[in-house]
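First comes the structure, then the notes that go with it.
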Ligand code: F6P
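Residue numbers (my numbering): 21 to 364.
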């Protein structure tokens with residue numbers, strides 16, 4: 021069996037470990053031939069291929085980024101229900117592929133679903149720092165992003181305390197507040213603002229003022245997709261990403277001067293940005309990524325097409341790709357409520 025491995029969407033710490041896990045299992049144990057496409061679908065369109073084998077993945081489990089490259093290039097024209105896979109099938113035959121392992125988040129696994137609906141053998145390998153794929157408890161990359169954001173909070177805390185300032189930290193996550201929630205909890209933030217639960221500006225300022233009145237400095241964590249109550253869209257940077265979605269970001273820079281003006285407390289904004297996605301994965305992400313890679317290769321052997329390697333408790337289980345992309349996994353009310361009680 022000849023398997024094509026592809027990454028799509030933003031990178032996520034652990035992708036190298038996942039490819040290594042799938043390759044060592046697939047090639048050495050199951051006897052597959054495996055190839056990787058450089059920069060995802062771009063390499064598929066433009067014939068840029070590398071052979072995946074033990075030497076190709078040597079030493080990769082702790083290395084950040086993804087050696088194959090990733091992009092948001094589309095695999096074919098048209099979306100669900102209207103995808104034109106004619107050219108896609110011709111290319112696939114040209115490469116002699118029997119199946120795909122697709123490594124990606126929501127957008128990529130939606131594509132995997134379309135490919136599966138068209139009867140093309142595919143296994144999904146989930147990754148995203150946003151942790152917003154349904155059906156899996158965590159995706160690799162998330163733990164690393166949370167660790168980086170937590171370290172940033174710890175650092176902002178000492179400089180903020182020294183100057184008696186309010187520090188506002190913006191983290192990634194698109195439409196889900198998982199990174200903000202977990203990093204904010206880990207760092208003891210005085211307010212955590214996430215897309216799932218808009219808060220009024222008055223409420224945010226009350227929290228910040230309460231903290232000052234107790235003689236402390238506030239650390240506010242805001243997710244890039246957060247909106248103030250009454251506002252109907254998140255702050256966006258110019259333009260769309262490769263999947264046609266608005267690029268989010270800028271809410272911290274908007275909020276900080278507003279908070280300063282209203283409360284009289286000197287306030288600074290920090291946008292953490294791609295630092296959250298860069299660098300070496302945590303041990304947790306390396307293990308999760310390696311295990312999902314192994315599970316994906318095993319699923320190929322069992323021909324469990326249309327399934328995705330999901331973490332359920334401490335087990336990796338294959339679940340239908342359709343279940344993972346049916347809805348976004350957002351922060352449930354209970355998780356927000358338990359931490360919100362202590363804001364301010
Ligand atoms: O989906 C992962 C993610 O890091 C989001 O949290 C963020 O909004 C987006 O990707 C940034 O994408 P880009 O790398 O295109 O700037």
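For every residue, glycine included, the Cβ atom is placed at its ideal position computed from N, Cα and C.
Spatial neighbours of residue i in its chain, beta-carbon cut-off 7 Å, leaving aside the 5 residues before and after
| i | result |
| --- | --- |
| residue 302 | 163, 164 and 167 |
| residue 339 | 155, 327, 328 and 330 |
| residue 259 | 267 |
| residue 11 | Because the chain spans 21 through 364 in this model, residue 11 falls outside it and cannot be assessed. |
| residue 181 | 237 |
| residue 209 | 173, 239, 240 and 241 |
| residue 170 | 203, 206 and 207 |
| residue 108 | 95 and 96 |
Beta bridge counterpart(s) of residue i as assigned by DSSP
| i | result |
| --- | --- |
| residue 144 | 122 and 328 |
| residue 32 | Its beta-bridge partners do not exist; DSSP assigns none. |
| residue 266 | 260 |
| residue 70 | 56 |
| residue 91 | 28 |
| residue 219 | 248 |
| residue 300 | None; residue 300 has no bridge partner. |
| residue 97 | 104 |
Close-in-space but distant-in-sequence residues of the same chain around residue i (CB under 6 Å, 5 per side omitted)
| i | result |
| --- | --- |
| residue 140 | none |
| residue 343 | 155 |
| residue 262 | 92 |
| residue 157 | 331 |
N- and C-terminal bounds of the beta strand (DSSP E) containing residue i
| i | result |
| --- | --- |
| residue 24 | 22-27 |
| residue 239 | 239-243 |
| residue 83 | Counting along the chain, residue 83 falls outside any beta strand (DSSP E), and DSSP gives it neither H nor E. |
| residue 285 | Run containing residue 285: none; DSSP gives neither H nor E here. |
| residue 211 | 211-213 |
Range covered by the alpha helix (DSSP H) that runs through residue i
| i | result |
| --- | --- |
| residue 295 | Neither: residue 295 is in no alpha helix (DSSP H) and is coded neither H nor E. |
| residue 353 | 353-360 |
| residue 339 | Premise fails: residue 339 lies in the beta strand (DSSP E), 335-340, not in any alpha helix (DSSP H). |
| residue 308 | 303-321 |
| residue 350 | First-last for residue 350: undefined, no H or E at that position. |
| residue 109 | 106-114 |
| residue 236 | Counting along the chain, residue 236 falls outside any alpha helix (DSSP H), and DSSP gives it neither H nor E. |
Cα-Cα separation, residue i to residue j
| i | j | result |
| --- | --- | --- |
| residue 269 | residue 117 | 39 Å |
| residue 254 | residue 242 | 12 Å |
| residue 30 | residue 183 | 36 Å |
| residue 200 | residue 135 | 33 Å |
| residue 55 | residue 264 | 28 Å |
| residue 221 | residue 239 | 16 Å |
| residue 229 | residue 217 | 21 Å |
| residue 213 | residue 37 | 32 Å |
| residue 308 | residue 35 | 10 Å |
| residue 22 | residue 52 | 6 Å |
| residue 160 | residue 120 | 20 Å |
| residue 293 | residue 87 | 21 Å |
| residue 320 | residue 223 | 51 Å |
| residue 311 | residue 198 | 22 Å |
| residue 335 | residue 248 | 38 Å |
| residue 191 | residue 173 | 10 Å |
| residue 69 | residue 193 | 31 Å |
| residue 81 | residue 304 | 11 Å |
| residue 102 | residue 111 | 19 Å |
| residue 65 | residue 271 | 37 Å |
Same chain only: Cβ atoms within 8 Å of residue i, ignoring 5 sequence neighbours per side
| i | result |
| --- | --- |
| residue 348 | 126, 152, 154, 195 and 196 |
| residue 369 | Missing from the structure shown is residue 369; the chain here goes from 21 to 364 and no further. |
| residue 233 | none |
| residue 333 | 157 |
Residue i CB to nearest heavy atom of the ligand SAH below 7 Å
| i | result |
| --- | --- |
| residue 244 | Looking at this structure, you won't find the ligand SAH anywhere; what it does contain is the ligand F6P. |
Requested in this report: Could you name each continuous beta strand (DSSP E) segment of 3 residues or more that falls completely within the region 150-204, going from the start of the chain to the end?
Outcome: 186-191
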